[in-house]
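Student: So the sequences go chain by chain: A and B.
Take the position in the first sequence, starting the count at 1, then add 1; the result is the number in the numbering used here.
Take the position in the second sequence, starting the count at 1, then add 59; the result is the number in the numbering used here.
Backbone N, C-alpha and C define an ideal beta-carbon position, used for all residues, glycine too.
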Amino acid sequence: MLKQTEGSKAVAEAIALCRPEVICAYPISPQTHIVEALGEIVKSGELTPCEFINVESEFAAMSVAIGASAAGARSYTATASQGLLFMAEAVYNASGLGLPIVMTVANRAIGAPINIWNDHSDSLSQRDSGWMQLFAETNQEAVDLHIQAFRLAEELSMPIMVCMDGFILTHAFERVDIPEQAQVDAYLPPFEPRQVLDPAAPVSIGAMVGPEAFMEVRYLAHAKQMQAIERIPQLAAEFKEIFGRDSGGLLRSYCTEGADTIIIAMGSVLGTIKDTVDEMRAEGHKIGVLGIISYRPFPLEQVKAALINCRRFVVLEKSLAVGMGGIVATDVRMAVTGTGLKGYTAIAGLGGRPITKASLHKLFREAEAETLPPVTFLDLDWIAVDKQLAREKHTRRSGPVAENILHDKGIVSAKFG
Amino acid sequence: MGFQPVKFYQTGTYTVGNRLLSDAERSVQAGESRSNSINSGHRACQGCGEALGARYAIDAAMAGSNNQLIAVNATGCLEVFSTPYPESSWQVPWIHSLFGNAPAVATGVAAAMKVKGKTNVRIVAQGGDGSTTDIGFGCLSGMFERNDDVLYICYDNEAYMNTGVQRSSATPPAARTATTMPVGSEPGNAFGQGKNLPEIAMAHGIPYVATATVADLRDLEYKVRRAMNIRGARYIHLSVPCPLGWGTASNDTIRIARLAKECGMFPVFEAEYGEVISVSKIRHPVPVEDYLKPQKRFAHLFGKTPHPETVARIQAIADRNIRKYRLLEEGEN
Chain A
2 MLKQTEGSKA
12 VAEAIALCRP
22 EVICAYPISP
32 QTHIVEALGE
42 IVKSGELTPC
52 EFINVESEFA
62 AMSVAIGASA
72 AGARSYTATA
82 SQGLLFMAEA
92 VYNASGLGLP
102 IVMTVANRAI
112 GAPINIWNDH
122 SDSLSQRDSG
132 WMQLFAETNQ
142 EAVDLHIQAF
152 RLAEELSMPI
162 MVCMDGFILT
172 HAFERVDIPE
182 QAQVDAYLPP
192 FEPRQVLDPA
202 APVSIGAMVG
212 PEAFMEVRYL
222 AHAKQMQAIE
232 RIPQLAAEFK
242 EIFGRDSGGL
252 LRSYCTEGAD
262 TIIIAMGSVL
272 GTIKDTVDEM
282 RAEGHKIGVL
292 GIISYRPFPL
302 EQVKAALINC
312 RRFVVLEKSL
322 AVGMGGIVAT
332 DVRMAVTGTG
342 LKGYTAIAGL
352 GGRPITKASL
362 HKLFREAEAE
372 TLPPVTFLDL
382 DWIAVDKQLA
392 REKHTRRSGP
402 VAENILHDKG
412 IVSAKFG
Chain B
60 MGFQPVKFYQ
70 TGTYTVGNRL
80 LSDAERSVQA
90 GESRSNSINS
100 GHRACQGCGE
110 ALGARYAIDA
120 AMAGSNNQLI
130 AVNATGCLEV
140 FSTPYPESSW
150 QVPWIHSLFG
160 NAPAVATGVA
170 AAMKVKGKTN
180 VRIVAQGGDG
190 STTDIGFGCL
200 SGMFERNDDV
210 LYICYDNEAY
220 MNTGVQRSSA
230 TPPAARTATT
240 MPVGSEPGNA
250 FGQGKNLPEI
260 AMAHGIPYVA
270 TATVADLRDL
280 EYKVRRAMNI
290 RGARYIHLSV
300 PCPLGWGTAS
310 NDTIRIARLA
320 KECGMFPVFE
330 AEYGEVISVS
340 KIRHPVPVED
350 YLKPQKRFAH
360 LFGKTPHPET
370 VARIQAIADR
380 NIRKYRLLEE
390 GEN
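1) Does the Cβ-Cβ distance between A/ALA81 and A/PRO160 come in under 8 Å?
2) Could you name the residues of the same chain whose beta carbon sits closer than 7 Å to that of A/LYS225, not counting the 5 residues immediately before and after it, in chain order?
3) List the residues of chain A whose Cβ lies closer than 8 Å to the Cβ of B/SER147, in chain order.
4) Taking C-beta pairs closer than 7 Å, name the residues in chain B that A/LEU198 reaches, listed in chain order.
5) Hey, quick one: how far does the beta strand (DSSP E) through B/ARG293 stretch, first residue to last?
6) What residue range is occupied by the uninterrupted alpha helix (DSSP H) comprising B/CYS136?
7) Start and end of the alpha helix (DSSP H) containing B/PRO285?
8) With H, G and I counted as helix, E and B as strand and the rest as coil, what does DSSP make of B/TRP305?
9) Apply the 10 Å Cβ neighbour rule to A/GLN182 and answer buried if 16 or more other Cβ atoms are within range, or exposed otherwise.
10) Which residues mark the beginning and the end of the alpha helix (DSSP H) in which B/PHE196 is found?
11) Alpha carbon to alpha carbon, how far is A/TYR255 from A/GLU90?
12) Are B/TYR267 and B/GLU331 touching if we call contact CB-CB under 8 Å?
13) How long is the line joining the alpha carbons of A/ASP336 and A/GLU280, rounded to whole angstroms?
14) So, with DSSP's three-state summary, where would you put A/LEU317?
15) Which residues of chain A have a Cβ atom closer than 7 Å to the Cβ of B/THR142, listed in chain order?
16) To which residues does DSSP link A/CYS164 through a beta bridge?
17) For a minimum of 3 consecutive residues, which ranges assigned as the beta strand (DSSP E) are wholly contained in the region 165-190 of chain B?
18) Decide yes or no for the touch test of the region 125-145 of chain B against the region 101-112 of chain B: beta carbon pairs closer than 8 Å, at least 3 of them.
19) Quick one: which residues of the region 92-122 of chain A get their C-beta closer than 9 Å to a C-beta of chain B? List them in chain order.
20) Which residues in the same chain as A/GLN134 place their Cβ atom closer than 7 Å to its Cβ, once the five residues preceding and following it in sequence are excluded?
21) For B/THR270 versus B/PRO257, is the C-beta spacing smaller than 8 Å?
22) Rank A/LEU146, A/ASN94, A/PHE174 and A/LEU308 by C-alpha distance to the C-alpha of A/LEU3 and give the top, closest one.
23) Since A/SER130 and A/VAL92 are thought to touch, with beta carbons under 8 Å apart, how far apart are those beta carbons, to the nearest angstrom?
24) What whole-angstrom Cβ distance do B/HIS101 and B/SER156 have, given they're in contact under 8 Å?
25) Please check if any C-beta of chain B sits within less than 8 Å of the C-beta of A/SER64.
26) Would you mind telling me which residues of chain A sit closer than 9 Å to B/SER200, beta carbon to beta carbon, in chain order?
27) Exposed or buried, A/PHE215, counting other C-beta atoms within 10 Å across all chains shown (16 or more means buried)?
28) Three-state secondary structure (DSSP) at B/ASN98?
29) My assumption, with CB atoms under 8 Å, is that A/ALA148 sits in contact with A/LEU189. Please give the rounded CB distance.
30) Between B/VAL335 and chain A, is the shortest Cβ-Cβ distance under 8 Å, so that the two count as touching?
31) To the nearest angstrom, report how far apart A/GLY353 and A/GLY84 are at their CA atoms.
32) Could you compute how far the alpha carbon of B/ARG181 sits from the alpha carbon of A/VAL197?
33) Checking contacts by CB at 8 Å: is A/VAL23 closer than that to chain B?
34) Does the region 268-283 of chain A come close enough to the region 236-252 of chain A that 3 or more CB-CB pairs lie under 8 Å?
35) Quick one: complete alpha helix (DSSP H) runs, 4+ long, within the region 212-258 of chain A?
36) Taking 8 Å as the CB-CB limit, is B/LEU111 close to chain A?
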């Protein structure tokens, strides 16, 4: 059913359609509206049987999900930013135990300095946790990816994060097609756990594993994600049969035919990038876009195939590998090893810094001209940076960095660009 | 107070003659119906109080749940010595997740059972004092506050034994651990304010809180069975001497546990909804010295440079417990 609704609300409705049996909730912006809406759906009796548990921390949220999933219940939670980091130990544990928990990550920056706005630092910090990570471009895709995520997670008995940009998607009101219950039921069978705590057939789960078996267990987690590379496109195709729309998959190419330059990105910024590319195409530029939906597993072969005919690519990412450069860019460069393609990294939008078409036009033209440095920090205020560096050079007790920058920028720190 | 003085102990012993009890109250040493939930062959140290306590507690929980039990375990000695896979000792469905999250995992299991309509399946979560009083404290408090249908059992051996005897917030003052060495002007663990978990549990107003020691396994069994007859969050805090960490002979575990209670350092009681309802009285009052002296972790208090003032401070703690919980028979206080 078509609705004009908030992204969080739409996701909550999609989750409810997936019939989760245990939902754990802990508030953190910008995820909070999702669990608030689910709390109301459960309390009203609309979703039954389902236990909605208000926990005391994100660490507890993931731990409750672990217990519930190990006991055979379809389990869901949502978090963001500091919350994801606070539960990190349990995040690794859930995947290590092979529990198919689905979690929404409403992507948000990580402090310090504290910042509630969107970038991808949080889920990318859990890159190697063994969770799959699917990135939604739109609220419609966020809805659809959650439904596919439960199916994939339970097939492989591995957990999945569905990542959607905090505020930009979670708080945006737009048209979303909320599926019918019958469609979701046809797509998503009831949860049949591979392992379950059951007094009728006692098993030990989470036993001590020594060097004789640890590597095999870890390898199998990798093998599951390699299987997911096969299954994700198949599940997207099955999804289309029932729901009638393209959603999900590993990657999505846009105007890449004959493109000399391809811009690679994840999440909602793909919208702005496509608009920019449309305008440049109209001017005759040979430029296209490659959206990454499946960040983990990372589809190395498919990325290579999508880029093989271009001359250069720019990875525009909302994350920073401090001391190195790009996080996603590293993976993309790995994918194109040996092709001789020229690659650029653009770090953009950290902490919610707007990524404007004007800035993208400039960036993409410089990429086409091959005048970009290998790593670019889009719209970085060099004056503020240089002023702080000079301050540190001259004064030992130069004070807290963030407060100095804010002071230099003045009270209208909300003026961007 | 619901306490009834027991008058039929044999003189000079702690043994209740079975023949003096009604059939229902007589203890059974062995039986076919015992579930042996933690099988023999595990790798606990000789004389391990935790292995003994867990065996009796979980078997009692099995009996109290018609063998419909799921156990959740925090990281620690019990988890490590019982599950060097594939040699798991557990005959019940059992899950270990992390050091600090056993209460929350148990909440999840309980929620799953509820949603699946299997409310006959009962959940026990367990951990040592490190996971209970320190790293898992937040999750435990959350579980209590929500009154989730979980029995949590803390096996308190008063330090991080699995990692090599480091101080926890349950370590008593003056005790030697690997991180509170008996050196300097105030050797051993500092005198803090302590962290009385049973009282903190009671402050949550949960339906049932009890303490017990492995010196009185029938009392432990009774308390576990009682807890299993109650729904909601329940907490049992069990004193389990550790021969390795306490520096005691492995055949002294029961004696030391008994002395902990008899000197007043470890009050044994039950509470419902935050109110103490019964207390196990001290039968043979002893000074704390009798409890401390056999333990190498307190040896520095009685060595070449004795610390009688420190022993007196510990005695003051015991005396306060005795007054507070009325641990002596009326007239003896």
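Tutor: Reading off the structure:
1) no
2) LEU157 and MET159
3) SER205 and ALA208
4) ILE129, PRO152, ILE154 and VAL168
5) 293-298
6) 136-141
7) Before going on, a small fix: residue 285 of chain B reads as Arg here, not Pro. Start and end: 276-287.
8) helix
9) exposed
10) 196-205
11) 38 Å
12) yes
13) For the record, residue 336 of chain A in the displayed sequence is Ala; it is not Asp. Taking the straight line from one Cα to the other gives about 29 Å.
14) strand
15) SER205, ALA208 and MET209
16) A/VAL106 and A/PHE136
17) 181-187
18) yes
19) ASN94, ALA95 and LEU98
20) SER124, MET162, CYS164, TYR296 and ARG297
21) yes
22) A/PHE174
23) 5 Å
24) Actually they do not touch by this definition, with Cβ atoms about 20 Å apart.
25) yes
26) GLU57
27) exposed
28) coil
29) Checking the sequence, you will find Ile at residue 148 of chain A rather than Ala. 6 Å between Cβ atoms; contact.
30) no
31) 18 Å
32) 15 Å
33) yes
34) no
35) 215-244
36) no
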